[in-house]
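**Q**
Following this line, the structure appears as structure tokens:
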């Protein structure tokens, strides 16, 4: 508990997490308003349509999470931290936990904000949350943000430099996963197992948004998709912590 | 209190610290002296468990750093004053450190007061001058009211006022009965602050003794002689197995006192124009002792030699 409080103080006493949180919420919710507002009045939009802005929000969340680690390396405070608490495993788990919790909250605010905006703009469309799939589609965004944050923390620990870690994460999330599909024959097969594609499957299941990107081609069920994504986050974090323990601070 | 045994750190092919063993006594200020690149900071990081030694170990009061419970309460350290997030306030910086070792928040204000930063406690640390950063670092080191304090080059880059403040501060800490281990590359600085010395060069132990002893041994006395018959005198001195160095129109003789040199000159019928015993400066002595172990040689030594003997020409 002490360590969670320490990481909470560290996270909230600098400005960048606040800015990242704000931007993530605005992007996630703003896209919903944009789509809902721009859709022709003859068309109807569904809950999934209000939610796909999360793809931009998650990129910002990963920047926030990576920065929470890399700035510590950049300014040497990671050394002060390891000096105060020599058990590196517990320190880094505490950091990942705090960042994940913050991301969860940001994700939920963003997702429900997006849904509420959609509902307000298109009150006549069927946007009420009355199936469990729709609930997962909205509430799941926070969970996805939290796990993505853990992945970004792990990458931050491994790479240690802000620019490198952020570039890698953003290029991967925004480009690499979809570009893999272009590889002949094996491309689509690999794409089915790439983490953020699988995470998308967890959110939306097999259904696609009426207005927006097509459904994920991942083969896992919704529940297993979540487990797979969480597993990748935890394994990456474990590897990163293992490396940090061996390395000189 | 601090016990290093066989401490070794290897980075690739370079041996930063080589089989270093020393001990730091309780309740004294011990200086950790060595030229730049001698391995002082690496050793300090190993004491704090930040770098893993390739071989050997350090114990603090019999325990390894990793086994200390709430280590800030036992060991306070200032390795680098810049290890602060520039956008975090001084108080917030100390607050998370205090929290991590279950130190009450009231202690934060106490140490801020001790180092005189109370008025700027809410300002972002990135705007601090070097002297203020150094004070903030010291506040962090004092936070847990530790018995042992480690400082790495605390006076580096400070103005005279800052240096004086740090010097007085070290004395005060020692008067409180705390163990202080402070590194520096300046023997003259250490002669003023430390009562014990651990001297290293190229990662190896050169000496461990009291400062007085080291200074006496280090400041080797030489004699300067001038004579119109320099070659004859030099030959006589070398034959009498004294070490002779040329210094322009004079000779610097070591390993022989002035009386003996005078007698030698008389018996060789050499006229002397000057026969003066020289007490070496601390810097000179330090260079002599660590001379072979400086990692990156520059022309500094020769330059210093010249600057120190303006009358030689």
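Residue numbers (my numbering), protein chains in the order written: chain U, 1 to 249; chain W, 250 to 562.
Built from N, CA and C at the ideal position, the CB exists for glycine as well.
Name, please, each residue of chain U whose Cβ falls closer than 8 Å to the Cβ of residue 261 of chain W.
**A** Counted from its first residue, the second chain places residue 261 of chain W at position 12. Those do not exist, as residue 261 of chain W stays about 13 Å from chain U at its closest Cβ, beyond 8 Å.
**Q** Should residue 61 of chain U and residue 94 of chain U be called a contact, given that it needs their Cβ atoms to be closer than 8 Å?
**A** As a working note, residue 61 of chain U is residue 61 in the first chain. As a working note, residue 94 of chain U is residue 94 in the first chain. It is not a contact, given that the beta carbons lie outside the stated cut-off.
**Q** Could you say if the segment 223-232 of chain U and the segment 141-153 of chain U meet the contact criterion of at least three C-beta pairs nearer than 8 Å?
**A** At 8 Å Cβ cutoff, the stretches touch.
**Q** Using DSSP with H/G/I as helix, E/B as strand and the rest coil, what is residue 296 of chain W?
**A** Residue numbering aside, residue 296 of chain W sits at position 47 when the second chain is read from its first letter. Helix.
**Q** Taking C-alpha atoms, which residue in W:426, W:357 and W:408 lies nearest to residue 380 of chain W?
**A** Residue 380 of chain W sits at position 131 when you count from the first residue of the second chain. Of the candidates W:426, W:357 and W:408, the one whose C-alpha sits nearest the C-alpha of residue 380 of chain W is W:408.
**Q** Give the residues of chain W in contact with residue 10 of chain U, contact being defined as C-beta atoms less than 7 Å apart.
**A** By 1-based counting over the first chain, the position of residue 10 of chain U is 10. Ordered by position in chain W, the residues that pass the 7 Å Cβ test against residue 10 of chain U are 345.
**Q** Flag this pair as touching only if the segment 438-457 of chain W and the segment 497-504 of chain W have three or more C-beta atom pairs under 8 Å; answer yes or no.
**A** At 8 Å Cβ cutoff, the stretches do not touch.
**Q** For residue 88 of chain U, which three-state DSSP category applies?
**A** Position 88 of the first chain, counting from 1, holds the residue named residue 88 of chain U. In the structure shown, residue 88 of chain U sits in a helix (DSSP, three-state: H, G or I).
**Q** Quick one: is residue 562 of chain W buried, meaning 16 or more other Cβ sit within 10 Å of its Cβ, or exposed?
**A** As a first step, residue 562 of chain W must be located in the second chain, where it is residue number 313. Reliability fails at residue 562 of chain W, whose pLDDT of 44 lies under 50, so the model's placement of it is uncertain and the value that follows must be treated cautiously. Label assigned to residue 562 of chain W: exposed.
**Q** Is there a C-beta anywhere in chain U that falls below 8 Å from the one on residue 338 of chain W?
**A** Numbered from its first residue, the second chain carries residue 338 of chain W at position 89. Closer than 8 Å: yes.
**Q** Which of the three DSSP states, helix, strand or coil, is assigned to residue 251 of chain W?
**A** Position 2 of the second chain, counted from the start, is the residue given in the question as residue 251 of chain W. Strand, per DSSP.
**Q** In terms of alpha-carbon separation, which member of W:284, W:484, W:254 and W:413 lies closest to residue 305 of chain W?
**A** Here residue 305 of chain W refers to the residue found at position 56 of the second chain. Residue W:254 is the option with its Cα nearest to residue 305 of chain W.
**Q** Within 8 Å of any Cβ in chain W, is that where the Cβ of residue 125 of chain U sits?
**A** For the purposes of this step, residue 125 of chain U is taken as the residue at position 125 of the first chain. So, not an interface residue.
**Q** How should residue 135 of chain U be labelled, buried or exposed, when 16 other C-beta atoms within 10 angstroms of its C-beta is the threshold for buried?
**A** Counted from its first residue, the first chain places residue 135 of chain U at position 135. Residue 135 of chain U comes out exposed.
**Q** Contact between the segment 289-308 of chain W and the segment 480-498 of chain W is defined here as three or more beta-carbon pairs at a separation below 8 Å; is this criterion met?
**A** No contact exists between the segment 289-308 of chain W and the segment 480-498 of chain W.
**Q** Who does residue 325 of chain W pair with in a DSSP beta bridge?
**A** In the second chain, residue 325 of chain W corresponds to position 76, counting from 1. DSSP, once it has assigned bridges, lists W:398 as partnering residue 325 of chain W.
**Q** From the beta carbon of residue 301 of chain W, is the nearest beta carbon of chain U less than 8 Å away?
**A** As a first step, residue 301 of chain W is located in the second chain; it is residue number 52 there, counting from the start. Answer yes: the Cβ-Cβ gap between residue 301 of chain W and chain U drops below 8 Å somewhere.
**Q** For residue 222 of chain U and residue 364 of chain W, what's the separation of their Cα atoms in angstroms?
**A** The sequence position of residue 222 of chain U within the first chain is 222, counting from 1. The sequence position of residue 364 of chain W within the second chain is 115, counting from 1. If I take the Cα positions, the gap works out to 58 Å.
**Q** Give the DSSP-derived three-state secondary structure of residue 501 of chain W in the structure shown.
**A** Here residue 501 of chain W refers to the residue found at position 252 of the second chain. Strand at residue 501 of chain W.
**Q** In the DSSP output, which residue or residues are listed as bridge partners for residue 40 of chain U?
**A** Translated into positions along the first chain, residue 40 of chain U becomes position 40. Looking at the DSSP assignment, residue 40 of chain U forms no beta bridge with any residue, so it has no partner.
**Q** Based on Cα-Cα distance, which residue from W:480, W:494, W:526 and W:372 lies nearest to residue 507 of chain W?
**A** The residue given as residue 507 of chain W occupies position 258 in the second chain. When only C-alpha atoms are compared, the closest one is W:526.
**Q** Can you name the residues that DSSP bridges to residue 495 of chain W?
**A** To locate residue 495 of chain W, count along the second chain from 1; it is residue 246. In the DSSP output, where bridge partners are listed per residue, residue 495 of chain W has W:500.
**Q** Starting from residue 335 of chain W, find everything on chain U with Cβ-Cβ shorter than 8 Å and list it in chain order.
**A** Taking the second chain and counting its residues from 1, one reaches residue 335 of chain W at position 86. Simply 75.
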